[in-house]
Amino acid sequence: MSWSEPEFGAIAGLLTAEFGVAFPPARRVFAEAAIRRALGLAREHSLASYRERLAAEPALLRALIAEVTIGETYFFRDAAQFEAIRTIVLPDIVQRRSGDARLRIWSAGCSTGEEAYSLMMLLHDCGFSQRTMLFATDVSSTSIEVARRGQYGAWSFRRDVADWRERCFVRTGKRWTIAPEHRRIAFMVHNLMQPAPAGIVAGGGFDLIVCRNVLLYFDRKTVERAAHLLVDALAPGGWLLMSPTDPPLPNELGLESVLTPAGIIFRRPAETVVVAQPLPPRAEPVAVPRQARDDIGSHHDMGAAHHDIGARGDVHAVRRAGSRVRVDAEAYVERALGFLDASQPHQAAASARRALFLDRSLAVAHLTLARALRLTGSRSAAQRALRRGAALLEAHAPDDAVRGAGGASAGTLSAVAAAEFELLVGAPS
Ligand SMILES: C[S@@+](CC[C@H](N)C(=O)[O-])C[C@H]1O[C@@H](n2cnc3c(N)ncnc32)[C@H](O)[C@@H]1O
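Per our numbering, the very first residue in the sequence shown carries number 525; after that it's consecutive.
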């Protein structure tokens, strides 16, 4: 889909240049809605004058990126990765950082802080929280403010983490505030296009950088730049943990790929790598083919309910799981959007179908499936999916926020559906 007005493209170009965030066709309708919201907040009426101000006012550009980026996150997202940190990464770091040396961890692209607090709770459980320096950064100052407040609603606990919630939070009505002993985190605004601030890399670099579900919003060139900067910030022997659906890293980073039950985790070799030497095998094609990566991600990323899905015999258990099921369906939609951005429509369609298997009332899943099917050439199936999605949207008022659509309203999504219909009509049979 092209931009509905060229000014949107020009504004998006400013964001790409400054923050690396890419705007493939699948994301443009959402981006336009976000730009319009930010334009209203800036009390501007014309896109052209707003763009001129954006080019001159860095604070305004930062406010816009906070609207545009998708801060989807929750506590202990991808349980298997946290287990790998507990059983593989932390023991390795502690062994290398002997004595009282501090452990240094960075949650890069932490959104509203759930990932960083999950790490801190885990560290506390393992007895390492007092000797760890945990930094958490995001480009969105709004998200960082939320993270610093440390107060969350039920949505942030959508994975079944009641035990952590009872132990590590103080409840006030319908919200939970992180307990003081888990607040030892330095939250900062930081753009991953820039080198990590000197203050935070001082001390020899990080033992662990967790940068999950961030690079998938970047174009290839930007992924490379961000990946180099992250690796530069790693201590020798330090670990880099990404999400199974993040884009593959460039070969020349010289990272080791360690295959764990949670998928691949990268590690900077403890000794200096001589660039002319043969590099370690690339993680993705050698160890885990992309389809399998999708499966690993599907099973690991969403916690218990996903294991249920994997075991087909447990379908009834999945259906009975109530709100948890609905939540996971949304996560599958997000995954599908990631595949669309990566030009992998078949995988996107599979993820959207998984979402619908769990929750047929999720309008955004039908729309995502429609787009994926159109891109695979399945035109009539795409039309059917689109009709179902459009019918579900009709039940909403235009201003209603639609579940699983990152805050987009029913009106916005109806426009998406209309645009998709146009593309389908124009698509070859
Ligand atoms: C989907 S959230 C991921 C949150 C968390 N890491 C997780 O996996 O649950 C992506 C985050 O990346 C942030 N982001 C996007 N571009 C960025 C950039 N250039 N620098 C730093 N953060 C960025 C967004 O603001 C958003 O909060």
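Note that beta-carbon positions come from the ideal geometry of N, C-alpha and C, so glycine has one too.
Query	Result
Just the C-alpha distance for Leu-910 and Ala-583, rounded to the nearest angstrom, thanks.	39 Å
What does the Cβ neighbour count give for Thr-696, buried or exposed, with the cut at 16 atoms within 10 Å?	exposed
Taking only heavy atoms of ligand 1 into account, decide whether any of them is closer than 7 Å to the Cβ of His-752.	no
Could you tell me if the beta carbon of Thr-593 falls within a distance shorter than 7 Å of some heavy atom in ligand 1?	yes
For a test of the three-state rule: what should DSSP assign to Pro-771, helix, strand or coil?	coil
Rounded C-beta distance between Ala-590 and Thr-666? I'm assuming under 8 Å.	4 Å
Compare the Cα-Cα distances from Leu-1041 to each of His-920, Ala-550, Arg-586, Ala-541 and report the closest residue.	Absent from the model: residue 1041. The displayed extent of the chain is 525 to 953, so no value can be given.
With distances taken from CA atoms, which of Leu-740, Leu-779, Ala-896 is nearest Phe-543?	Leu-740
What ranges does the alpha helix (DSSP H) occupy inside the segment 876-934, keeping only unbroken runs of at least 4 residues that lie completely in it?	887-900, 903-918
Hey, Asp-731 and Ile-617: beta-carbon distance below 8 Å or not?	yes
Measuring straight from C-alpha to C-alpha, what distance separates Val-694 and Val-857?	32 Å
Quick one: measure Cβ to Cβ for Glu-944 and Leu-891, integer angstroms, because I've assumed they're closer than 8 Å.	7 Å
Among Glu-669, Pro-774, Leu-643, which residue has its Cα nearest to the Cα of Tyr-598?	Leu-643
Report the rounded CA-to-CA distance for Arg-621 versus Pro-768, giving the unit in angstroms.	28 Å
Count the CB pairs spanning the segment 646-664 and the segment 710-723 that are closer than 8 Å, and state whether there are at least three.	yes
Thinking just about the alpha-carbon of each residue, which of Leu-538, Val-545, Arg-551 is nearest to the one in Ser-526?	Arg-551
Got a sec: does ligand 1 put a non-hydrogen atom nearer than 7 Å to the Cβ of Phe-881?	no
For Ala-794, count neighbouring Cβ atoms within 10 angstroms of its own Cβ and tell me buried if that reaches 16, exposed if not.	exposed
Suppose contacts are defined by Cβ-Cβ distances below 8 Å. Is Ala-879 in contact with Ala-860 by that definition?	yes
What does the alpha-carbon distance come out to for the pair Leu-897 and Cys-650?	46 Å
So Arg-895 and Leu-864 are in contact, right, with Cβ under 8 Å, and what is the actual spacing, rounded?	6 Å
Since Ile-535 and Leu-578 are thought to touch, with beta carbons under 8 Å apart, how far apart are those beta carbons, to the nearest angstrom?	6 Å
Please report the distance separating the alpha-carbon of Phe-606 from that of Pro-869.	29 Å
When you compare each of Asp-602, Gln-718, Phe-652 to Val-734 by their alpha carbons, which one comes out closest?	Asp-602
Tell me the rounded alpha-carbon separation between Tyr-574 and Val-592.	15 Å
If I measure Cβ to Cβ from Arg-699 and keep anything under 6 Å in the same chain, skipping five residues before and after, which residues do I get?	Gln-675, Gly-677
Quick one: what does DSSP say Phe-606 is sitting in, helix, strand or coil?	helix
Which residues in the same chain have their Cβ closer than 6 Å to the Cβ of Val-553, if we skip the five residues on either side of it in sequence?	Val-940
Compute the beta-carbon to beta-carbon distance between Asp-924 and Ala-934, rounded to the nearest angstrom, for a pair I have assumed lies under 8 Å.	5 Å
Leaving aside the five residues before and after Ile-702 along the sequence, list all residues of the same chain whose C-beta is less than 7 Å from its C-beta, in chain order.	Tyr-641, Gly-674, Cys-692, Phe-693
Rounded to the nearest angstrom, what separates Pro-530 and Leu-947 at their Cα positions?	19 Å
Name the DSSP beta bridge partners of Phe-790, please?	Leu-764, Ser-781
From what residue to what residue does the beta strand (DSSP E) around Leu-588 run?	Counting along the chain, Leu-588 falls outside any beta strand (DSSP E), though it belongs to the alpha helix (DSSP H) covering 582-592.
Need the endpoints of the alpha helix (DSSP H) that Ile-612 sits in, please.	Where Ile-612 is concerned, there is no enclosing alpha helix (DSSP H), given that its DSSP letter is neither H nor E.
Given 7 Å as the limit, tell me if Glu-639 has its C-beta closer than that to any heavy atom belonging to ligand 1.	yes
Are there 16 or more other CB atoms within 10 angstroms of the CB of Ala-921, so buried, or fewer, so exposed?	exposed
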